[in-house]
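The structure under discussion appears below in the form of structure tokens.
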Amino acid sequence: MNVLLCSINTLKRLYDISAVEVGQHFYWQIGDFQVHAQVLITSWVVIAILLVSAILVVRNPQTIPTFGQNFFEYVLEFIRDVSKTQDAEALCAIILSQGRSALSIEAVN
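The numbering used here numbers the first residue of the sequence shown as 236 and each following residue consecutively.
Here's what the structure looks like:
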């Protein structure tokens, strides 16, 4: 009975999220942390889709890749490239801003 009650409470929480209007945010309190529920759910759904597709497509890798294996490798390379460029751009921005401030300090002196 306790398991059924727990699953009903879980479903009620998910139903509460669907009632959130545009511009409003739904937060969960997990321990001492306040978590944005929509972001958390979306992230876990994307992670689940990637894991399931990776297991299904790449469980038997071929030397000459199949369509699914080739597509999944393309998706992973795309994600890796996006994360590298975003990190590199942020790092360059930090380095450039530090360099500019150092140059302006020397120019003043």
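All C-beta atoms, glycine included, are put in the ideal place defined by N, C-alpha and C.
The structure presented is a predicted model; accordingly, all values stated were derived computationally and were not measured.
Straight-line gap, residue i to residue j (C-alpha atoms, nearest Å)
i      : j      : result
Trp263 : Gln297 : 44 Å
Ile276 : Ile284 : 12 Å
Asn305 : Ala289 : 11 Å
Ile314 : Asp267 : 31 Å
Val280 : Leu286 : 10 Å
Glu312 : Gln269 : 33 Å
Phe261 : Ile282 : 21 Å
Ser318 : Ser278 : 16 Å
Arg294 : Glu308 : 13 Å
His271 : Ile265 : 10 Å
Gln273 : Ile299 : 40 Å
Proximity of residue i and residue j at Cβ, strictly below 7 Å
i      : j      : result
Val292 : Gly303 : yes
Opposing strand residues paired with residue i [DSSP bridges]
i      : result
Phe268 : Ile265
Would you mind listing the beta strand (DSSP E) stretches within the stretch 266-300 that are 3+ residues and don't spill past its ends, in chain order?
The stretch 266-300 contains these whole beta strand (DSSP E) runs: 268-271.
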